[in-house]
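**Student:**
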DNA sequence: AACTAAACCTAGTAAATTACTAGGGAATGA
DNA sequence: TCATTCCCTAGTAATTTACTAGGTTTAGTT
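Residue numbers (this note's numbering), protein chains in the order written: chain A, -9 to 138; chain B, -9 to 138.
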C-alpha cells in the first residue's frame, strides 16, 4: 500500500502545469528541471496522463504540453487513477479473483464469473470507495490554491 | 497501491479466528488448511499480528492461537496497520521525506527536521486519514456478522 | 530543403519489494 | 521422553518498480 513514484511525481507535474495554466505550452525539459526528475522518466508519466486525456501536447519545435482542462475540472482522483492503474487495490475489485485471498475454502464463493464475493471482499470494496471519494474531493485548483 | 498478500490472508485469518472466538485455541495447521495458505507463510502473518497484540498463543502440545480481544474491539484498521507497516503510504507521512517527491525544487520545503511540507503532502495526508478512518470504521465482529 | 527542437514510442535493465520456503529451537502436555 | 505445537531467522524466487537508452516523427525556422 505504498504510493508509487509515478503518482508522486505525476501529481507534482500536474501541479506545475496548473500553476502555469493559460501561459502556453510547457516543454518536458522545463518541467523536468523544475520538478527534479529525469526527462525520460517524466516523459513516461506525462505520456500516461496524456493518454488519460488530462494533458494535451503540441509536437515539433516550440511544442510542449498543456492541461486539457481547467484545473478546476481535474480531480486528484483523475490523476492518481491514471498513474496507479485505476487504483484497483486488489484484483477481485476489477471482477477477477485470483483466488489468492483464500476464497476457495472460506465462507467466500468465487463464482463462475470469477467475481469474488468473500466476507473480506466488502472491506476492500469499501476501502476502494473511500480512497476514490477522498481523492475525487480534491481538485487540482484547490490544491494549488492551498485550499487542501 | 496494491494490497499485499499479507493483508489479504491476514484478514482472512482474523475472520476465521473471530468465527471461532470463545471455542478455545486454534492451531496453525487447522487455520492454514482452512484458509488455503502454507503453514510457514501463515505463521509469519500470525507472528506479526501477535506482536501487534491482536493474537495470543499457547505454546506446546495442544497449543494454538486465540484472539487477544473480543472481535467487537478489534477494528479492521488495527489488523491492516499491523500487516501493512502502519499504512504509511508515503515516507513523508512518518516524518521522513526522502525528497523523491520532487520537493527540493518546487514550492515545497523539506525543512531541517526532514518533515515534508509539499503542496502535495496535504493530499497524501488526507488520503492516509481517509484510509484509516474507513478501516477503523469496521470491526471484526461487524465483518463476520455480514454487517459490512 | 536542411536543420533543430520538441513530443512520441518501445525495449531493456537494475533495484527493491514481495511472497514465499526451509530448517532448526523452545515450550508444553501426555 | 516424545510428539506437538508455537517461535525465530535466513534464504530465495518471482514480481514489480523505477529508471535508462535509443531511435522515430512532427513541425517551426533559416
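All C-beta atoms in this analysis are idealised placements derived from N, C-alpha and C, irrespective of residue type, glycine included.
1) When the Cβ atoms of the region 112 to 127 of chain B are set against those of the region 62 to 78 of chain B, are three or more pairs found closer than 8 Å?
2) Measuring alpha carbon to alpha carbon, tell me which of A/130, A/110, A/76, A/29 ends up nearest residue 122 of chain A.
3) Hey, out of A/1, A/53, A/49, A/11, whose CA is closest to residue 38 of chain A's CA?
4) In three-state DSSP terms, what is residue 72 of chain B?
5) Would DSSP call residue 131 of chain A helix, strand or coil?
6) What residue range does the beta strand (DSSP E) around residue 54 of chain B cover?
7) How about residue -3 of chain B and residue 120 of chain A: are their beta carbons less than 8 Å apart?
8) Beta carbon of residue 5 of chain B, beta carbon of residue 20 of chain A: below 8 Å?
9) For residue 79 of chain A, return the contacting residues in chain B, with the cut-off set at a CB-CB distance below 9 Å.
10) Check each residue of the region 33 to 49 of chain B: if its Cβ is closer than 7 Å to any Cβ of chain A, include it; give the result in chain order.
11) Going by other Cβ atoms of all chains shown within 10 Å of its Cβ, with 16 needed for buried, is residue 71 of chain A buried or exposed?
12) Determine whether the beta carbon atoms of residue 7 of chain B and residue 56 of chain B lie at a separation below 8 Å.
13) Mind pulling the chain B residues with CB within less than 7 Å of residue 15 of chain A?
14) Just grab the DSSP bridge partners of residue 45 of chain B for me.
15) Distance check for residue 40 of chain A and residue 147 of chain A, CA to CA, integer angstroms please.
16) Between residue 110 of chain A and chain B, is the shortest Cβ-Cβ distance under 8 Å, so that the two count as touching?
17) Under 8 Å between C-beta atoms, does residue 64 of chain B make it to chain A?
18) What does the alpha-carbon distance come out to for the pair residue 35 of chain A and residue 43 of chain A?
19) Could you check whether the Cβ of residue 116 of chain A sits closer than 8 Å to any Cβ belonging to chain B?
20) Which whole-angstrom value is the C-beta distance of residue -7 of chain B and residue 79 of chain A, which I expect to be below 8 Å?
21) With DSSP collapsed to three states, give me the class of residue 79 of chain B.
22) CB residue 113 of chain B to CB residue 32 of chain A, shorter than 8 Å?
23) Name the chain A residues that come within less than 9 Å of residue 21 of chain B, Cβ to Cβ?
24) Are residue 131 of chain A and residue 27 of chain A close, meaning C-beta to C-beta below 8 Å?
25) Quickly, what does DSSP pair residue 65 of chain B with across the bridge? List them, please.
26) Nearest-angstrom Cα distance between residue 13 of chain A and residue 108 of chain B?
27) Going by beta-carbon coordinates alone, are residue 15 of chain B and residue 50 of chain B separated by less than 8 Å?
28) Going by CA-CA distance only, name the one from B/60, B/-5, B/9 that's closest to residue 219 of chain B.
29) Would a check of beta-carbon distances place residue 102 of chain A closer than 8 Å to chain B?
30) Sorted by chain position, which residues of the same chain lie with C-beta nearer than 8 Å to residue 117 of chain A's C-beta, five sequence neighbours on each side aside?
**Tutor:** On the basis of the coordinates in this document:
1) Verdict: yes, contact present.
2) Comparing Cα-Cα distances from residue 122 of chain A to each of A/130, A/110, A/76, A/29, the minimum goes to A/76.
3) For the residues A/1, A/53, A/49, A/11, the minimum Cα distance to residue 38 of chain A belongs to A/1.
4) In the structure shown, residue 72 of chain B sits in a helix (DSSP, three-state: H, G or I).
5) Helix at residue 131 of chain A.
6) Per DSSP, residue 54 of chain B belongs to the beta strand (DSSP E) from 54 to 57.
7) Against a cut-off of 8 Å, the Cβ pair of residue 120 of chain A and residue -3 of chain B comes out as no contact.
8) Going by C-beta atoms, residue 5 of chain B is not nearer than 8 Å to residue 20 of chain A.
9) Near residue 79 of chain A (Cβ distances below 9 Å), the residues of chain B are -9, -8, -7.
10) Closer than 7 Å at the C-beta level to chain A, one finds no residue of the region 33 to 49 of chain B.
11) Residue 71 of chain A should be labelled buried.
12) Contact annotation: residue 7 of chain B and residue 56 of chain B have beta-carbon atoms nearer than 8 Å.
13) In chain B, no part has a C-beta under 7 Å from the C-beta of residue 15 of chain A; the shortest such distance is about 20 Å.
14) B/57, per the DSSP bridge assignment.
15) The question about residue 147 of chain A has no answer, for chain A in this structure spans -9 to 138.
16) It does: the Cβ of residue 110 of chain A has a partner Cβ on chain B nearer than 8 Å.
17) False, the Cβ-Cβ gap to chain A never drops below 8 Å.
18) Approximately 13 Å between the Cα atoms of the pair.
19) True, the Cβ-Cβ gap to chain B drops below 8 Å.
20) The Cβ separation is near 5 Å, so the contact holds.
21) Residue 79 of chain B: coil per DSSP, three-state reduction.
22) The answer is no: Cβ separation not under 8 Å.
23) Against chain A, a Cβ distance below 9 Å from residue 21 of chain B picks out nothing, because the smallest value is about 10 Å.
24) The answer is no: Cβ separation not under 8 Å.
25) For residue 65 of chain B, which the question treats as bridged, DSSP gives the partners B/129.
26) Rounded to whole angstroms, the gap between the alpha carbons of residue 13 of chain A and residue 108 of chain B is 23 Å.
27) No; because the gap between Cβ atoms is not below 8 Å, this pair is not in contact.
28) Lying outside -9 to 138, the shown extent of chain B, residue 219 of chain B is not represented and no answer is given.
29) Per-residue confidence for residue 102 of chain A stands at a pLDDT of 46, beneath the threshold of 50, marking its modelled position as unreliable; the derived number appears in the next sentence. By this cut-off, residue 102 of chain A is not an interface position.
30) Same-chain partners within the cutoff: 79.
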